[in-house]
Amino acid sequence: MKNLSVKNHAIKLRKKGFSYSFIINETDVSKSTLSCWLSKIPFKPNKETVERIGRGKLKTAMIKTSQKMQMIEKTKKIAKEDITNISERDLFMLGLGLYIGEGSKSANIVRVINSDPDIIKLAIKWFEKTCGIDKNNFSITIHLYPDNDIEKCLNYWSGVTGIRRSNFNKTYIDTRKDKKVFKKGKLPHGTAHLTVISNGKKELGVFLFRKINAWTNEAFKKINNKRD
Numbered sequence: 002m003k004n005l006s007v008k009n010h011a012i013k014l015r016k017k018g019f020s021y022s023f024i025i026n027e028t029d030v031s032k033s034t035l036s037c038w039l040s041k042i043p044f045k046p047n048k049e050t051v052e053r054i055g056r057g058k059l060k061t062a063m064i065k066t067s068q069k070m071q072m073i074e075k076t077k078k079i080a081k082e083d084i085t086n087i088s089e090r091d092l093f094m095l096g097l098g099l100y101i102g103e104g105s106k107s108a109n110i111v112r113v114i115n116s117d118p119d120i121i122k123l124a125i126k127w128f129e130k131t132c133g134i135d136k137n138n139f140s141i142t143i144h145l146y147p148d149n150d151i152e153k154c155l156n157y158w159s160g161v162t163g164i165r166r167s168n169f170n171k172t173y174i175d176t177r178k179d180k181k182v183f184k185k186g187k188l189p190h191g192t193a194h195l196t197v198i199s200n201g202k203k204e205l206g207v208f209l210f211r212k213i214n215a216w217t218n219e220a221f222k223k224i225n226n227k228r229d
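Structural data, given as structure tokens:
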């Protein structure tokens with residue numbers, strides 16, 4: 002009789018829109034038993050259940066956010082321990098890796114293209130420190146979309162790079178109709194095409210392009226042929 006009374010109470014609570022967790026707390030019955038009793042009972046959560054679910058989701062979201070922040074702080078601490086001072090050799094290899102990933106590989110042009118200002122700044126530092134390139138030997142072309150503010154973007158990249166506006170080429174506006182619309186608004190400052198110009202210095206023209214290629218090939222050779 003007791004079990005029947007508990008079962009009827011559980012069914013009544015379910016019909017009123019209460020969740021399994023609430024009914025378990027009220028009846029002290031296992032979830033498997035409740036499933037047998039209530040599986041055929043239509044469930045429409047009541048206001049209290051909806052609010053409880055909402056609070057639960059909010060609490061879960063807050064926990065996940067807290068865990069995320071803790072992980073970020075932990076990785077920052079590890080990074081500070083792993084990366085101390087950057088030597089000239091470190092900069093050389095880091096910049097070479099950057100060029101392998103983002104640099105021009107054809108037409109004898111030394112160029113790095115990216116929308117990330119930190120990537121472009123690193124490329125400039127690498128060219129200056131490793132290749133002895135002066136700011137006057139850089140030119141920049143900004144590629145934008147119709148929704149970008151041209152003047153704002155030019156000032157932004159000039160400020161980020163320290164390169165004078167007079168060294169900026171004509172801005173390119175991508176108006177292709179077949180371009181996917183997801184790009185719109187995704188690149189608030191467009192993409193910077195940083196190019197090394199020789200200005201009559203032979204060591205900064207084709208020679209530099211081939212030297213970077215030689216560095217790249219030598220690095221690949223050393224790494225890929227290295228035995229553990």
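Be aware that the sequence shown starts at 2, since it is given in the numbering used here, and climbs by one per residue.
Ideal Cβ placement from N, Cα and C applies to all residues, glycine included.
By how many angstroms is the C-alpha of Leu99 removed from the C-alpha of Glu129?
-> 14 Å
Buried or exposed for Arg166, please, with buried defined as at least 16 other CB atoms from any protein chain shown within 10 angstroms of its CB.
-> exposed
4 or more residues per run - each alpha helix (DSSP H) lying fully within the region 29–62 | 32–39
Limits of the beta strand (DSSP E) - the one that Leu195 falls within | 192–197
Taking the alpha carbon of Thr176 as the point to measure from, which residue in Val197, Tyr146, Thr162, Thr192 has its own alpha carbon closest?
-> Tyr146
Three-way DSSP call (helix, strand, coil) for Ile111 in this model | Note that residue 111 is Val in the sequence shown, not Ile. Three-state result, Val111: coil.
The beta strand (DSSP E) spanning Ile143 covers which residue range?
-> 139–145
Close Cβ partners of Lys45 (< 8 Å) along its chain, the five nearest in sequence each way excluded | Gly18
Assigned secondary structure, Gly102 (DSSP; H/G/I helix, E/B strand, else coil) | helix
Pick helix, strand or coil for Phe19, following the three-state DSSP scheme.
-> coil
Around the C-beta of Gly96, are 16 or more other C-beta atoms found within 10 angstroms, so that it is buried, or is it exposed?
-> buried
Distance between Val197 and Lys203 (C-alpha atoms, nearest Å) | 12 Å
Taking the alpha-carbon positions, what's the Lys16 to Ala62 distance?
-> 29 Å
Using the Cα positions of Met70 and Leu188, report the straight-line distance between them to the nearest angstrom.
-> 26 Å
Take the Cβ of Ser20 as the centre, count every other Cβ of all protein chains shown within 10 Å, and call the residue buried at 16 or more, exposed below.
-> buried
Touch test, the region 207–215 against the region 106–116, Cβ-Cβ under 8 Å, three pairs minimum = yes
Would you please verify whether the beta carbon of Ile12 is less than 8 Å from any beta carbon of chain B?
-> No chain B is part of this structure, which consists of one protein chain only.
Burial state of Phe221, where buried means 16 or more other Cβ atoms lie within 10 Å | exposed
Span of the alpha helix (DSSP H) holding Leu205?
-> Neither: Leu205 is in no alpha helix (DSSP H) and is coded neither H nor E.
Own chain partners of Ala215 with C-beta closer than 8 Å, once the 5 adjacent residues on each side are dropped | none
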